[in-house]
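Protein chains in written order, with my numbering: chain H, 427 to 975; chain C, 147 to 481; chain X, 552 to 879; chain Y, 100 to 448; chain R, 320 to 704.
Have a look at the structure below, then the notes.
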Ligand SMILES: Nc1ncnc2c1ncn2[C@@H]1O[C@H](COP(=O)(O)OP(=O)(O)OP(=O)(O)O)[C@@H](O)[C@H]1O
Ligand SMILES: Nc1ncnc2c1ncn2[C@@H]1O[C@H](COP(=O)(O)OP(=O)(O)OP(=O)(O)O)[C@@H](O)[C@H]1O
Ligand SMILES: [Mg+2]
Ligand SMILES: [Mg+2]
C-alpha cells in the first residue's frame, strides 16, 4: 500500500506538470544535465540510498531539499533553505531549526516541522538509511515551523551533514514498512521539479507548480541522459546537446570550449585537496618525516597539473592542505609561508641532513641500506592520477628518490589504502564548509587502524594526540575564533609533518553551455561550485535564466 | 576342439582357447551385441603360415588385435608357450608376438624416419643398446626385408607402398618375435607389389621359423603362400586345414561359396552367388551361423555343428559332415 | 538417449562447478563493496567518515557469517529462484537489474551475432564454392577488420558517422524522449541507434564465420558425395544447398552456439563505447563495485546461456547429423 | 601465388579436419600432408614447396613487427614517457606521428610499446597453448574418467567469465608485469584450444600408427610426445597463433579498461591514454589511430600466417591458380579444359 | 558339392556395337606448369555399345584420373590439357558431342542420365546426412522433371529392389547400411536413369569376394537387359579377365596395351602386362613361386624418357630410352585382333621374345570372350614358357 500511495501522489504531480509544459522536452526550456557517466540506473530515488539515481546524477535536491545550502566555493557562506535559520545550544547538543512556512509537498500536502522531525527519526530508527552518519538522539517538532534535534555530544561540525539531508514527507514515508529497501520510484518532495519519465537512457523532470519559492523555477524541464563512458558524454557535450555537465574533459579547450566559443564555458575551482598519502607505519620509507618533506619539496605541482589535466585541477598551493583560494581566510601569518614551490636542492639538503647518502645510481640510500624508494599506487583507470604519479616519479627521480608507479585495479587500490598495505598513494580529499572536514578525514586517529586492519579514512594512519586535541577543540565549539585557532594549529602540523602531502586541488568539474540558459556561477560570481552535484545543483538551477534572445 | 592342432613335431607357440570378443553397440536406445569373434581355438606353430580368410566383418582383424593384446578378449584364453598371456607383462609378451598392420600408409608415423621406427622397438625390447649398436641392428633389419640401408634415413612418404610394407614388417621383426600377425598386409597394393611381400614373408617363415598369422580376403594368395587356412564366418571358424585342402576340396558350404566366388580367369562359367544374399550383420548368433544362406540348411543347423575331421589335418564345422545317424534330433522333428 | 543423459549429467556438474566459482571468485577480489562505494561517493564531495557503518548495515555486509555458510545460503536462494538484491542498484533486485539490461543486449548483440553468422556463413559458402574467384579478396579484408580491436573500431565509427557526418546518433539505445514500448516510433528509433554498434559487431566478428565456413566448404567440396552430386547432374543450387553447404555448416552451428556466450559477456566494450544499455555494462559495473549478488546473477545467466547453448548445439548436431545418433 | 599442390590430398587430410573417417589413404597418393612440409628445421631433405602468398605476407608483416619489438626501444627517437613541450602536436619532422596530450612522442611509444605487446601476446600464446596441449592431448589420449574430468575442467573455464577472473587475478599478481598479464590472459584463453586438441587427439589415438607404436612397446608418454604431438603441431601452431591474437586483443581491451598497469608502454596502454584524453574527439587521430592500426595489422599478420598453417594442414584450402572461365567451371564441378598441348587431329564425326 | 549353379547365359551379349564414347589424345594433369603431375597422357580409347572395358594397371598410373577426366569430374587441381571426348548418344546417330567443349548446362544434362559414375568407395560417395531415398530421388528430380512424385518414388523402390535391398531400408542414412548395401545403392543410383555409359572405379575393392561377386553379377545382368556400356577400373586383373570384353593396361599415365580380354590374358604383348599376369597366384594347380615385376613404380613428375617402363623391363633395347613407342597394332597380329600395344618389341624390326609372341587363343567371335573359352589348362603352359 505504501507504493500505491507514492504512485497516486505522483500522478497528481504528473498532471500538474503536463499543464505547464509538455514532457516531450527538447524545447529551449529544457535543461540537459550530466554529472558523470554512470551507465544505466534503476528507478531509485530514495534519498537515503547513496546509489539513488538522483544522487548519482545530481538531481536529488530537485525533489528532496536540504535545510541549508552551503557554498563550498566560498567557505562559510551558506543559504537558508527549508530552514530559514537555526540556533545551536552552547554545548552543541541541541539544534533548533526555524523552518520556512508556506512550503508544500509536490502532492499538495503542507510541509511542516513534523516532516523534518520524522526524517531525522527515520534515520535513527533505520541505521541503514543513515548514510551521512548523523547521530541525533531525538528529533521533535516544537511547532509547525520549529524542529528540534538533540545530540549526546557537541555536534556543531555535523551541521554540514545534518543540514544537507533531504527532507522526506512523513505522510508518505511513515507508511513504508522498510524504507531501506524502498526504491521510491515516484518521489514526492518539496523541491522545484517532479519526475515525469524514467528509462534506461535517463529521466526527465518538469517544474513543480507548487514550488514554495515564488517565481521559481524558470526552467520548465530538466533532462538527465545516461552515458556509459566519459567520451560519449563528452561527445554529447561538444555537440551542444548537453547544457550543464560535471565531467572531467581532457583538452577541454579544444574538445569543448572551442566548439562554441561564445557559449561553451567552464569554471572548475578546487574544492578539496588531492594528496599523496604516505603510509606512516613504522618501517615504511615515508614514515620518516624528512623523506616526506623532501618529496613535497621536490614536486613541481604546476607541471603535474598541466600534464595530467592541462591545469584544470589546479596545483595545491599550500602545504597546509587548505584549498585555496576558497579557504584563503584560514591562512594565517604562521601558515602563509608554506606555499609550495618546487625546490629540488632543498629536497636534497633535507635528505642529506637526515642522514641519507646519495648512492652511485643517483638515488639516495637509506641508512638501513638500499635505495630510498617507494611505490606510488593509484587505480590504473584513473588516468589523471596515473599521469600525476608518472610525472611525480620523474620529478622525484631528479631529487634522488626512486618512485615506482603502480597502477592497480580500483578494488586493489581501495583495499590497499584501507588496510594499509601500500607505501604511498594518490588520493582525493573531501569537501566541507571549512578545512576541518578534510583535516578530520585525514588526521583523526579515531578513523585510523593498526596495520592490516581497515581504517575508515585516516589512511596514512596519523596518530597524534596533539592533532586529535585540536580537532576536538574545533568540534566542540561554535566560536569561529576558537575554531580558526584550531585549524591553524592543524595546518601547522600539516605543513611541517606532512601526514599527507598536498598535490593538486580536486576540481569541481563544471561545463556550461550558455546558449539556452545563463546565470551559472563563475569565478567572478562564485555563489556556488559550478558542478551539477546535489544539493548545490538545486541552488544553481534556480538561479538560471533563459538566455536572452 | 581339435580344429587347428599343430603339425607333427612342432609345438604351437601361441594358442587360443575359446577366445571370444563381443562388442556392445549403443544406438537409438537399444543395445546390440556384436559377436565379433566367438569360441575361437587357434594354434600358431613355428615355421608355418596360418591364413585366415572369410567375409568382411567376420572378425579376422579382431582376432589379430586380440592376439597382440590391443583388444581385450571378452572371454577365453591366450597362451604363449603355455603361459597365460593375460598375466604376462605386456612388453615381454609383445617381444614375442608382433603385428603388421593392414594399411602400410597408416601404420607408419609420417613424422619419423624409417630408422626411428625400427630403432624404437629395438630399444624398447632391449634388443639393442643406444648408439652405434642400434644403427647396426637397424641396418640388419632393413637387409632382412631387402631394403637398402639408406632407407633408414627416409621418411615414410618417400617410400612406395611395397617399401612401406616392408618397413612395417621390419619393425615387427625388430623385437625378434616368434609370432608375426599380418593383417591383410597386401590389400592396398597392386598385384606385383603384393607378390613381393608374400615372398618376403615366406622367406622369413622358412629362415627364421616364424609362426605367421596371415589375414586376407585373397584366397588365391592364401593358397599360394599359407601352410594352413582357417575360414571364418560371422566370428566363428567354419573350416580349417592345409591351404591346399581347404581351397581345392572345400568342405564347408561357406568355403565352397567363397572359393567359387573368387575371381578366377580360368573358370569355365560364371558363378551365381545371388542366392547367398544376406550380409553377415544379420547372421544368427546360435547354431550354424551360415544356415540362413546355406543351400543345404536343415533343422539341425539350429544347433552348433561340431568340428568334423575331413582328413586328419582338415576339419569343418558342418552337420553335413556328420553321419545322419549321429545328428541330434532337432527340436522340430521331436515335436 | 543415454548419450543425452550423460551430456546432461556433465552439464550439471559443469554448472555446479561454474556456479561455485562464480560465487567464490568475486569474493576473492581485493577490497569490499562498501569501501568502493564510499570511495566513489567521496569523489563527489560530502561523505562523512561515520557513513561507513551505515553503509555496511544498508547493504547487509555487517553480518559476518562464514563464507561456507553464505555459500550454502546462496544455493538455497538459487533454488528459490531468488538472486538477491544488487548493491550497485540497491534496493533493486538482481533479477530486476538483469531484466532491464538483458533484452537490450539480447537484441543488439544477439541480432548482430545472428546477422554476422548468417552473413558470414553465406559469404563463406560462396567463397568456398567459388574458390579462386575474386570473392576470395574478401578474406584478407575481413580478417583485417576482425583483428581490429572492437572498441577502437567503435570509436572511429562513432567519430566518423556520428560526430563528423552526423548520420547516426552518438550513443545510447534510443532517444531518451521516447519511452520504451512496442510503438513503431520507438522501435525505429531503437533500430536507428543500433545501426552503428551492430555494424561494429558484425564487421569484427563476421570474418571468423566466413573463414570457418569457407574452410569447411572447401573440405566438403572435396568429399566424394559432392563429386557424386555433381556427377549426378544436379543443379548448381541443389549441389550447393543440399550437399555442400548442408554438410559444411555443421561445425559452424556448434560454433554459433558457443558464440551465444559472447552475446552476454562479450558485449561490454561495445556497450561502453556506444553507451548502450546492456548486460555487459551491468557486469562491468558489478565488477567495479564488487556487487557480488549482481555479478553472481549475471554469471549465472552467462553460465546457463553457455551450457544451454552447448546442449542445444549438441542436440542440433544430433538432429542435423544422423551419424552422431548412432554412437558418440 | 603459385598454389599448385605438389602432393595429392589424402584422406589423412580429411581426418585432420573433419574428424575421423573410415578408410585408408588412396593408393598412389602416398604422401602424408603433415610431413611433406617439414616444420622441423633440423629435418633432412626438406621438400621444396611454394608457400602461399598469404603465408608470406603474414610472415613479412609479423617479421616487421618482431623487428620493431626487437629494436624499437633502441631506435625510438624519444623516451616515450618524457613530457615534451609540444602538446597534441600533429605529425611533423620532429615527431613523425605527432605527440600526445602530455607532449610525449607517439612514434616512440609505438616503437617501445611493440615489445610489451608482443611479449605478452607471445607469452600468453605459449602458456595457453602449453596448458591446452597438456590438458587436451592427455585427456584425448588417456580417455575414460580422466578425460571426463579434464574436459570438465576446460568446459568450466569456457563458462567462467573472463573479466572478473582477470580482475581477481590482476589483483593478486604483484604489479602486473608482462608475465603476470600474460599468465592471466592465458588462464582464460586455454580452454578453447584444449577442446580442439582433444577432439583431434581423439581422432588420432586409434590410428594405426599409434596402435603400431603400442605394439612396438612405446610407453604412453612417448606416444603422446613423439607420436601424437607431431601430428597436431599444425593445429598447435594455428591455435598458438590464434591465442596470440586473442591475447593481444584481450590485453588491449584490458588496458583500455585500465585493468593493467598503464605505466608500462604497450599499444593497449597507448590506446588507454589516447582514449582517456579523448584524443579522437580532440582531433588527435595520430595518437589514437596508430596503435589500433598496429594491433589490427599484427592481427592480420597472425591470421594470414594462420591461413598458411591451415592450408598446410589441409592443402585443399589453398586457393587454386585457375582464373576466369576455368575457375568458374572448376567451382561448378566441371574440370576445366586448359589446352596446353597442341590440339590433336580433328576427329571425324 | 560345390555351389556354382545357375550360370548367366553369356552368349546373348549385344553385338559389337558402334562406338558410344571416343577418347582422343586425352591428357590430364594435376596442376599446371613444370611441376604438374601429368597423370593421363595422350590416351586414345573407344568404348562400344554394350561393351565392358576394363582398365587395369599399377597404383597411381592414372586410371581414376582417366575416368574422371572423361566425365570432367576431375577435382582441382586437376585440369584437362588436351584431347577430345566424343560422346555419341544412341538417339543421335552420327552426331557426336565433345564433352570437353560442352558447356555446364549441356554437361549437366547428360551427366548421369547418359553417363553415370559409380565411385570407388560408396562409403564416401553418399551424403551422410541425407537418407538414401533423398539421394536417389534427387537424381530423378534433376533429370525427370515431368515425372510425378509418386512415379519417382515408385521408380526408386523398383531400383533398390532390383539391386536386392528391401525398400524398407530407403529411409536409412548411409552409415546405417553395410558396405555392400551402400555399394548396391550406388549402383542403383547409377542405373536409375538407364544411362548409356557407366564408369566404375574400383567399385568392389573393400569387399569380400562373395559380396563382390554378387554386385558384379547384378551389373552384368543389368547390362544384358539395358545394353549399356561399362568402363570398369580395378587392380584385380583376374576379375577383369573374367568379366571384361576389352582390357586396357595403363602404365605411367599412358595406355600401354589394349586388347580383347582373352587375348590379353593368353597372349599379352607388353612386358608390363605380362609381368602383371605373372604376379597373381592361381586358385588351381601346383603352388609355384611367382616373381613380380622388378623395380618400383615411376614418379609421374619425372617419367623416364622414351618408354616409361624400360627401367623395369627385361627386354630393354637402346631405342627404348630415346623414342617413345606409339600405341599400335603389334606387328604379327591380324588387324581383326583389334589390339594395340606400345612397345618397340612389336614394331617388326626384331622378333619379339617368345613370352610376348604367343598366338592368340582363337579367332574371336564378336565380344564373347573369356566366359566361353575352355582355358583351364593353358595356364600351366603359359607359366612354363
Ligand atoms: N570397436 C568396435 N566396436 C564395435 N564393433 C566392432 C568394433 N570393431 C569391430 N567390430 C565389429 O566386429 C566385427 C568384426 O570386425 P573385424 O574388423 O574383426 O572384421 P574383419 O573380418 O577384419 O573384416 P574386414 O575383412 O572387413 O576387415 C564387425 O562386425 C565389426 O563391425
Ligand atoms: N590431387 C592430386 N594432386 C596431385 N597429384 C595427384 C592428385 N590426385 C592424384 N594424383 C596423382 O596422379 C596419379 C594418378 O592418380 P590416379 O588416382 O588416377 O591413379 P590410379 O591409377 O587410379 O591409382 P589407384 O589404383 O591407386 O587408384 C598418381 O600418381 C597420383 O599420385
Ligand atoms: Mg579387417
Ligand atoms: Mg584410382
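In this text, a Cβ means the ideal position worked out from N, Cα and C, and glycines have one as well.
Would you please state the rounded distance, in angstroms, between the beta carbons of residue i and residue j? I believe it to be under 8 Å.
i, j, result
"residue 209 of chain C", "residue 191 of chain C", "Going by Cβ atoms, the distance from residue 209 of chain C to residue 191 of chain C rounds to 16 Å, so no, they are not a contact pair."
"residue 725 of chain X", "residue 719 of chain X", "Actually they do not touch by this definition, with Cβ atoms about 13 Å apart."
"residue 848 of chain X", "residue 646 of chain X", "7 Å"
"residue 576 of chain H", "residue 563 of chain H", "5 Å"
"residue 845 of chain X", "residue 664 of chain X", "The pair is not a contact, with the Cβ atoms about 24 Å apart (cut-off 8 Å)."
"residue 508 of chain R", "residue 455 of chain R", "6 Å"
"residue 490 of chain H", "residue 593 of chain H", "6 Å"
For a contact meaning CB atoms closer than 9 Å, what does residue i contact in chain Y?
i, result
"residue 676 of chain H", "200, 375, 376, 377, 378, 380 and 381"
From the DSSP secondary-structure annotation, give me the bridge partner or partners of residue i.
i, result
"residue 576 of chain R", "R/568 and R/660"
"residue 366 of chain R", "R/340"
"residue 169 of chain C", "C/180"
"residue 619 of chain H", "H/633"
"residue 920 of chain H", "Answer by DSSP bridge pairing: none, since residue 920 of chain H is not bridged."
Let's see if you can read the secondary structure: which residues bound the beta strand (DSSP E) around residue i?
i, result
"residue 313 of chain Y", "From DSSP, residue 313 of chain Y is part of no beta strand (DSSP E) but of the alpha helix (DSSP H) over 307–314."
"residue 280 of chain C", "Careful: residue 280 of chain C lies outside any beta strand (DSSP E), inside the alpha helix (DSSP H) at 278–290."
"residue 804 of chain H", "799–805"
Along chain R, which residues have their Cβ under 7 Å away from the Cβ of residue i?
i, result
"residue 782 of chain X", "390, 392, 430, 431 and 436"
"residue 776 of chain X", "443, 444, 445 and 446"
Give the residues of chain H in contact with residue i, contact being defined as C-beta atoms less than 9 Å apart.
i, result
"residue 628 of chain X", "Here the premise fails: no neighbours, minimum Cβ distance about 16 Å."
Strictly below 8 Å CB to CB, what residues from chain Y border residue i?
i, result
"residue 710 of chain X", "379 and 380"
Using a C-beta to C-beta distance shorter than 8 Å, which residues of chain R count as neighbours of residue i?
i, result
"residue 786 of chain X", "427 and 461"
Show which residues of chain Y have a CB atom less than 7 Å away from the CB atom of residue i.
i, result
"residue 806 of chain H", "357, 358, 359, 360 and 361"
"residue 419 of chain R", "436"
So residue i contacts chain X; which residues on that side make the cut at Cβ distance below 8 Å?
i, result
"residue 887 of chain H", "Simply none; closest approach about 14 Å."
In terms of residue numbering, what span does the alpha helix (DSSP H) encompassing residue i cover?
i, result
"residue 766 of chain X", "735–772"
Legend entry - the region 376–386 of chain C contacting the region 272–290 of chain C, beta-carbon criterion three pairs below 8 Å: no
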